[in-house]
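Visitor: In my numbering, each number is its position in the sequence shown, counted from 1, plus 1346.
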Amino acid sequence: MNSLKRPLALFKALLVRIPLVLRTAFLNSIRMSPVTGKQNLRTELTVAIIRSFITFSSPMAKAQKDSMRDPGIQGPMWVSKVTLPEPGFDVRDAVLSAIEDLNGNGGTFDVPGIGAVEAEWTGYRNGVGKREPQPDISEEEKYRELRKEAPSDTTVLYFHGGAYFLMDPCTHRVPCAQLSRLTGAPVLSVRYRLAPQSPFPAALVDALTAYLSLIHPPPGALHKPVPANKIVLAGDSAGGNLSLALLQTLLTLKRAARPIRFHGQEVAVELPAGVATISPWCDITRSMPSLHRNAKFDYMDPPAPLPEEDAAEKVPFSSFPFPPDGVWPVTPPRVDMYAYASMALHPLASPLAASPELWKDAPPVFITTGEEGLTDEDLIMARRLHQAGVSVVAEQFEGMPHCHGFIMISTPTGKRFFENLAKFCRDAGAGSVESTGKLTYFGFQLQSTREIPLEQACEVSDEEVKDRMRRAAAWRMEGEQELQREWRERARL
1347 MNSLKRPLAL FKALLVRIPL VLRTAFLNSI RMSPVTGKQN LRTELTVAII RSFITFSSPM
1407 AKAQKDSMRD PGIQGPMWVS KVTLPEPGFD VRDAVLSAIE DLNGNGGTFD VPGIGAVEAE
1467 WTGYRNGVGK REPQPDISEE EKYRELRKEA PSDTTVLYFH GGAYFLMDPC THRVPCAQLS
1527 RLTGAPVLSV RYRLAPQSPF PAALVDALTA YLSLIHPPPG ALHKPVPANK IVLAGDSAGG
1587 NLSLALLQTL LTLKRAARPI RFHGQEVAVE LPAGVATISP WCDITRSMPS LHRNAKFDYM
1647 DPPAPLPEED AAEKVPFSSF PFPPDGVWPV TPPRVDMYAY ASMALHPLAS PLAASPELWK
1707 DAPPVFITTG EEGLTDEDLI MARRLHQAGV SVVAEQFEGM PHCHGFIMIS TPTGKRFFEN
1767 LAKFCRDAGA GSVESTGKLT YFGFQLQSTR EIPLEQACEV SDEEVKDRMR RAAAWRMEGE
1827 QELQREWRER ARL
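(1) If you measure between the beta carbons of P1648 and A1641, is that distance less than 8 Å?
(2) For A1359, is the classification buried or exposed, using 16 other Cβ atoms within 10 angstroms of its Cβ as the cut-off for buried?
(3) Identify, in the order they occur along the chain, each residue of the same chain with its Cβ nearer than 8 Å to the Cβ of E1486, setting aside the five sequence neighbours on each side.
(4) If you run the structure through DSSP and keep just helix, strand and coil, what is E1485?
(5) Tell me the rounded alpha-carbon separation between N1348 and R1415.
(6) Are there 16 or more other CB atoms within 10 angstroms of the CB of G1825, so buried, or fewer, so exposed?
(7) Once the 5 residues before and after K1706 are set aside, which same chain residues still bring their CB inside 6 Å of it?
(8) What is the rounded straight-line gap between the Cα of R1335 and the Cα of F1372?
(9) Within a Cβ cutoff of 8 Å, which residues of the same chain sit near R1388, ignoring the five residues on either side of it in sequence?
(10) So if DSSP puts Y1787 in a beta bridge, which residue, or which two residues, is it bridged to?
(11) Nearest CA to the CA of H1609: which residue from R1438, L1368, S1807?
(12) Exposed or buried, what is A1440 when buried is set at 16 or more other beta-carbons lying within 10 Å of its beta-carbon?
(13) Could you give the DSSP three-state label for W1627: helix, strand or coil?
(14) Along the chain, where does the beta strand (DSSP E) containing K1427 start, and where does it finish?
(15) Using the rule of at least 16 other Cβ atoms within 10 Å of the residue's Cβ for burial, across every protein chain shown, is E1809 buried or exposed?
(16) Please report the residue range of the beta strand (DSSP E) in which V1619 lies.
(17) Note the first and the last residue of the continuous beta strand (DSSP E) segment covering Y1504.
(18) With DSSP as the reference, identify every bridge partner of Q1420, one or two as the case may be.
(19) Here's the rule I'm using: 16 or more other beta-carbon atoms within 10 Å means buried, otherwise exposed. How should T1401 be labelled?
(20) Taking only three categories from DSSP, how would you classify G1585?
(21) What runs of the alpha helix (DSSP H), each 4 residues or longer, lie entirely inside the stretch 1507-1576?
(22) Using alpha carbons as the reference points, say which of G1418, I1376, G1453 lies closest to A1685.
(23) Less than 8 Å between the beta carbons of L1597 and A1708, yes or no?
(24) Measure from the alpha carbon of G1783 to the alpha carbon of each residue in E1797, R1772, F1770, then state which is nearest.
(25) State the DSSP-derived secondary structure class of L1350, mapped to helix, strand or coil.
(26) Would you list, in sequence order, the uninterrupted beta strand (DSSP E) runs of no fewer than 3 residues that lie entirely inside the stretch 1642-1682?
(27) Straight-line CA distance for A1740 to Y1787?
(28) What span of residues does the alpha helix (DSSP H) with W1821 cover, start to end?
(29) Can you find the residues in the same chain that come closer than 7 Å, C-beta to C-beta, to A1462, ignoring five residues on each side of it along the sequence?
(30) Taking C-alpha atoms, which residue in D1499, G1566, Y1538 lies nearest to M1513?
(31) Using 8 Å as the threshold, is the C-beta distance between D1673 and A1355 below it?
(32) Where does R1477 land, buried or exposed, given buried means 16+ other C-beta within 10 angstroms?
(33) Which residue comes first and which comes last in the beta strand (DSSP E) that contains I1606?
(34) Buried or exposed: which applies to E1723, given that a residue is buried once 16 or more other Cβ atoms fall within 10 Å of its Cβ?
(35) Please name the residue in L1448, P1365, A1619 whose C-alpha comes closest to that of V1736.
(36) Below 8 Å on the Cβ atoms is my contact criterion, and I expect Q1594 with P1693 to pass it. Report the Cβ-Cβ distance as a whole number of Å.
Structure follows, in structure tokens:
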């Protein structure tokens, strides 16, 4: 019965959007659309429809459940589900020590518990139809079959997007299988803990657990040890944030010459082969100008405008307006689901807050973005890494929305996106990444390409970045303090 309900619900949802589709198509045809010349009809319709589905009408628990609905495993993919055993308190303590090393101004966060981490090995399965189910064999046998079709000695460690409170590895199986097909590498997609139930730094602890589990397989693991220089960290949106935060954690621990005890054994901190990020969310203060400038090209709504510092009155900062339930809001209250406001400028929460010297000696980094809300922070992140002497491969697609390659895989831009992403992963695993210090800019529908020096790729200066992030963080702090004041007053009644 459930299998019949889902197509019916989708049909009804699309039916009520027919006026939106007709209006969008009409404006596009007479070239009166605000995105004319930068988005074709397919892209504009895709953005408009996705935007119409993003609402805050459901409580948090339902929104999470809906975003994590398992589509099943069928078609050209192998999926082998695994559980990485609890590593003990030492991995968590390593993350806490990195937070402390980088945290000059203090800050509030919940010390996370520890536990096992679920993940999915994902690979491409050749020669099957789109509806072909996986054979009814053990997870170990599925992994062996997967490795036959993904024989590369490089492994991609993948972190899904979803603003840190939505989505799941099951929602990213198709792009992960596509990445495996193009690289020949197996992809380990991690089910890290989600906010608001498990805020910063719980996801980072899970990410470090998964990374160390690849290098030092715990008892019962399906895989053989993977050398650190054969691991590529990868992720989209919040997963891109987590990839960069994990890299910064490893760099911080390595600078401190601080080994980690992992399943009772002391292990050295080793850096991965590279980091591949897709529309990475680098600034959780959400303060860069492109959030508003590029809103017409993107399906994600921009935040409230950042108030001027000398404004006589400021509208209190508020978070996503989900109806209250047992999950959100939390107590004590905070304005952000992922982190307390006092942590918004911490380099492990907002990688854009890390100064260039903190990225010194990092492995190659790939950053791909569209003409989207996150464009400025992505290009500034690329510039900052370049300033640190890191090999950076950066690209931008004109007129494209957030994570466009994932939502339009079969389009020319989607295919180019995956080709470039896969090439970086292959080159990183081979130690042969070539960095030009330039941004590759792909024009409308790939009709043109030009190279822009990374220092000139974004007009927002380093000084303005620092000022905007500082003011946005302060605004969040004011809003959070007001929430907590009201909460304490209610508690006294």
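Idealized CB from N, CA, C, for every residue including glycine.
Since we're looking at a predicted model, the values are computed, not measured.
Guide: Let's see:
(1) yes
(2) exposed
(3) S1426, L1568
(4) helix
(5) Since pLDDT at N1348 reaches only 42, below the 50 mark, its modelled position is unreliable, and the value read off the structure follows with that caveat. Those two C-alpha atoms are separated by around 12 Å.
(6) buried
(7) A1734
(8) For residue 1335 there is no data in the structure shown, the boundaries of the chain being 1347 and 1839.
(9) M1754, T1757
(10) Q1742, R1796
(11) R1438
(12) buried
(13) coil
(14) 1424-1430
(15) exposed
(16) According to the sequence displayed, residue 1619 carries Ala and not Val. It is not in any beta strand (DSSP E) - A1619 carries neither H nor E in the DSSP assignment.
(17) 1501-1505
(18) P1479
(19) exposed
(20) helix
(21) 1519-1529, 1548-1561
(22) G1453
(23) yes
(24) E1797
(25) Any reading at L1350 is ruled out, since the residue's pLDDT is 44, under 50, leaving its predicted position unreliable.
(26) none
(27) 9 Å
(28) 1808-1838
(29) T1429, L1430, P1431, E1432
(30) Y1538
(31) The residue you asked about is not Asp; residue 1673 is Val in the sequence shown. No, the Cβ-Cβ distance between V1673 and A1355 is not below 8 Å.
(32) exposed
(33) 1606-1608
(34) buried
(35) A1619
(36) 6 Å
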